[in-house]
Structures are given as structure tokens and as C-alpha cells.
Amino acid sequence: MALLTQAPRGTQDILPSQSGDWQLLEKVMREEAELHGFGEIRTPVFEHTELFLRSVGETTDVVQKEMYTFNDKGGRSITLRPEGTAGAVRAMLEHGLYNDALPVKLYYFTSCYRYEKAQKGRLREFHQFGTEMFGSASPLADAQVISIADSVFKRLGVKDLTLEINSIGCPQCRKTYLEALKEYFSQQKEQLCETCLSRLERNPMRILDCKSPVCSQIAQGAPKVLDHLCPDCAQHFQQVQKALEELNIPFVVNPSIVRGLDYYTRTVFEFVSRSTGAPLTLCGGGRYDGLVEEMGGNPLPALGFGMGMERVLMVLQAQQAELPQKSRCQVFIGALGQEAQMAAFRMAHELRLSGVAAACDVNGRGLKAQMKYADKLGAAYSLVLGDDELQSGSAQLKNMKTGEKHSVFIGDGFVEQFAAIEAEDQLKEDFLLTMEE
Ligand code: HAM
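See the structure below:
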């Protein structure tokens, strides 16, 4: 029976009591992306497996161990997307978006799938807010993309977050660096895990990203890529730092960041939180100037980031951040008697048609139980209809938080009166809040 009543390991349901927080996050992220001129793209949940092999890289943990890959009924190898960049690049190329004014700026909300060891902050299905910018090699573009993530975190009130940046150079500086790595890791060959042994030949940089405790311990003493940058890459990195300073975005240079995906070049960055114990990366990204060409397009510099929605929420919860909750019920209409019940039913319907989230009882409860139900719904206001109210055409609208009552007409004009009362109460509440602060 557990198979029927338990979600698969590493997946989560998002319940109505939690979806308000998700909607708030999505709203802030969407607003920031659009403020920066990014347009939303939605790509399929699954793609041809080849796409991820090519872009994410065959020697990465994601491709080697974590992809959900299967043959469909037509015998094609299909993979559930483990990240959002590959699909965005594929769609950009397929639809010729590079013909638009450059840079092309895309953002997305996606679910991602990785068969990882499920633990706190590490899921098998998780969600990303991502941005991708195509067609600018300028260090200002790096700072601008980073600034989107920074603004999102600031607006959400995420505290104690460190922006860590690094440069992993271009294919040219990579050559000498890979040789230095190969030499270093060859000396410790006996201790490396089996996957890393094959990485030693094919792509020693991936050893730096191995999650095995022994390999990551050895990786700590490995040569640093910053010491091997070519003059152009070194200059680019300097300019990114200057641009971040210009925007007043604090950062630290962390020469150990290499990122777990193969497509990166030059700037890489992570926003790291230490609020939940072990360091947790809430957002990671960087440049991938060679990927568009690698996937068959004309060379086009690009960069972006992916932000883990579950992780952002986890940290906000750990920090006991108070995310404003919107009530799903603005007015609850209670009723006393059969005639009033029908009137309440009709009034709630008419209010909803005018855009007011109204509710009434449809289960035949008594008035006391109706008001308990209104409380459970988190109704912001309530009013009760009975014979007197139906006859006089007016009722008492009660603010459920303050207990304050207002006399209102229940026919035409109610919506306008209600909007005015709601706005006035909100002003009072805001005023009291500022006095408290
Ligand atoms: P990534 O570092 O693999 O980069 O993932 C980005 C973010 O997704 C992470 O920083 C983390 O917050 C979240 N994340 C990753 N794996 C998990 C997991 N198993 N459970 C929960 N959250 C997770 C990318 O995916 C790149 N596509 C980012 C990018 C876009 N680079 C350039 N453009």
C-alpha cells in the first residue's frame, strides 16, 4: 500500500498551505527577471538524451550517475531534464532566437530530475528559477546576471548569504591547467574512487567536484585554476569584480568553485548559505561561451544561473522569515435560516464574479459551526445574513483580525464599499506596523 500513499523518495508535494510561499517566490523572481528585460521560456520536461550528454558533459556526476533516462515506446533514448540550460540553448537554436536583438534574455521556472542521494536540501525532483543571456561577452553582462539573483535574495529577505565567484578560464588556459591537475592527481591515484580514475584520463577537472569524501579531501590540495588564467581571462575576471563593486554587490573570490557541469567557461559563481548547517548553494551559474557552438550553432557567448526554489524556501524557513500570507478568503458570508442561506450562496457567487474571494457554507452547518469554518479558512472579513439583514438590505461586516465592525449595504455597491473598507484597514495596519518598528 505504501506505493499508493507515499510519494517517491526525493520528491515532495506542495500543499495548499505551502503554495502561497511558492507563489510569492515566483512573483518576486518573475518581477526581477522582467525588470531586467528577460522573457519567459518554457521547454519540455524531457529531451533527447544526447542533448545532456553533449552539454552537461559525459564525465559529470549528473550524466554518469544521476539522469533519469529511458527508452520511449519508439525506442528513442529520452531523459528527464536534470537542469534548465541545455533545453533553453536547444530552443534558442531551434527557433533562431539569436536573430533577435542581442543579447537574448530568457528566464524559466522548471522542475529538474536528478537521481541523487536524497537528503535535506537534495531532492530527486526539485525546481529551479533560471536565467540565460545569449550574445554578450562583456563582464558587465556577468555582473548584471548576478545582480538579478542578488536582488531576488534581497527582496525575499534572505540573510547571511555569501556570493562566491571564480574564473575557470577558457579552453586555452584550461589546457595548461588540466595538465597541472593530471600531474597532481596522478600522484594520489591509489586513493581516488573508480569514477575519478576514469576522470583522470578524460577530464581531471571533474575530480574537483566529486562528492566522495576521500576524493574531495584530496581535491582540496589541488592546483587552483586562478593561477593558470590566460591574460584575457584574468582581465575579464578583474572587470567582473569591478562591475560588482560598482553595483555594491559584496562577493568573495573562492578559487575552489568549479561547478558540476562541463559547459562553464570564465566566470562561475554561487550564492551560499550557512544558515541550515553545512554550506548550501542556493544559486549557481556562470558563463558558457562555448556551448552554443558545441551544440551546432554559430559561436555565441552566453551565461546564466539556476536558483533552487526548495533551498531558498528552506533557508527562509530556517531564518524564520515572515513571508506575507494572502488570505484565500476575503469575505465569509454566514447565514441564519434557509432563505438567508440561498442569499449568501448567491451573494458569494456575485462577489466572486466581481473579483472578491468570497465563501459561504455549502454543508448545512449551524451558524456557530459556520463561523468556526470561516476562522479555519482564514477569512479576513465576515458578515452574517438573517431575516433582519435581508429585510433591511444592510449587515455588519466584521474585520476578523481586529473585531471592528462596519455597517454595509448587501446589495448593489457592496463591492465598492468593501474595497474602501479593506483599503482603509490595510492603511491602519501598515501604520501600526511602522509604529511598532
Ligand atoms: P546547478 O548548480 O546544478 O546548476 O543547479 C542550480 C541550483 O539548483 C543549485 O544551486 C541548487 O540550489 C539547486 N539544486 C541542484 N541540485 C539540486 C537537488 N538535487 N535538490 C535541490 N536543489 C538542487 C545548474 O543547474 C545550471 N543549469 C545553472 C546555470 C544556468 N548555469 C548557467 N545557466
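Heads up, the sequence shown is in the numbering used here, so the first residue is 1 and it goes up one at a time. All C-beta atoms in this analysis are idealised placements derived from N, C-alpha and C, irrespective of residue type, glycine included.
Backbone CA spacing between residue i and residue j [nearest angstrom]
i: residue 242; j: residue 251; result: 11 Å
i: residue 416; j: residue 378; result: 22 Å
i: residue 247; j: residue 49; result: 40 Å
i: residue 349; j: residue 358; result: 7 Å
i: residue 419; j: residue 370; result: 24 Å
i: residue 149; j: residue 282; result: 10 Å
i: residue 326; j: residue 173; result: 52 Å
i: residue 158; j: residue 345; result: 43 Å
i: residue 314; j: residue 340; result: 46 Å
i: residue 130; j: residue 414; result: 43 Å
i: residue 192; j: residue 209; result: 13 Å
i: residue 90; j: residue 423; result: 47 Å
i: residue 407; j: residue 396; result: 5 Å
i: residue 244; j: residue 163; result: 11 Å
i: residue 287; j: residue 19; result: 32 Å
i: residue 380; j: residue 318; result: 28 Å
i: residue 337; j: residue 403; result: 24 Å
i: residue 51; j: residue 278; result: 33 Å
Under the three-state DSSP convention, the category residue i falls into
i: residue 48; result: strand
i: residue 146; result: helix
i: residue 237; result: helix
i: residue 287; result: strand
i: residue 119; result: strand
i: residue 99; result: helix
i: residue 5; result: helix
i: residue 36; result: coil
i: residue 429; result: helix
i: residue 274; result: coil
i: residue 172; result: helix
i: residue 130; result: strand
i: residue 87; result: helix
i: residue 43; result: coil
i: residue 165; result: strand
i: residue 177; result: helix
i: residue 216; result: helix
i: residue 221; result: coil
i: residue 266; result: strand
Proximity to residue i [Cα-Cα], best of the options
i: residue 401; options: 428, 146, 417 and 96; result: 428
i: residue 72; options: 84, 212, 64 and 47; result: 47
i: residue 307; options: 74, 85, 371 and 184; result: 85
i: residue 220; options: 257, 52 and 324; result: 257
i: residue 265; options: 279, 232 and 244; result: 232
i: residue 196; options: 312, 5, 69 and 60; result: 60
i: residue 109; options: 38, 65, 142 and 100; result: 38
i: residue 119; options: 305, 405 and 9; result: 9
i: residue 301; options: 1, 12, 139 and 22; result: 139
i: residue 178; options: 323, 201, 425 and 187; result: 201
i: residue 334; options: 328, 316, 226 and 387; result: 387
i: residue 128; options: 26, 6 and 2; result: 26
i: residue 254; options: 260, 270, 184 and 239; result: 270
Exposed unless 16 or more other CB atoms sit within 10 angstroms - verdict on residue i
i: residue 363; result: exposed
i: residue 434; result: exposed
i: residue 15; result: exposed
i: residue 389; result: buried
i: residue 4; result: exposed
i: residue 77; result: exposed
i: residue 175; result: exposed
i: residue 355; result: exposed
i: residue 432; result: exposed
i: residue 305; result: buried
i: residue 95; result: exposed
i: residue 213; result: exposed
i: residue 82; result: buried
i: residue 430; result: exposed
i: residue 309; result: buried
Closer than 7 Å: residue i CB and nearest the ligand FMN heavy atom
i: residue 9; result: Questions concerning the ligand FMN fall outside what the structure shown contains, since the ligands it does hold are the ligand HAM.
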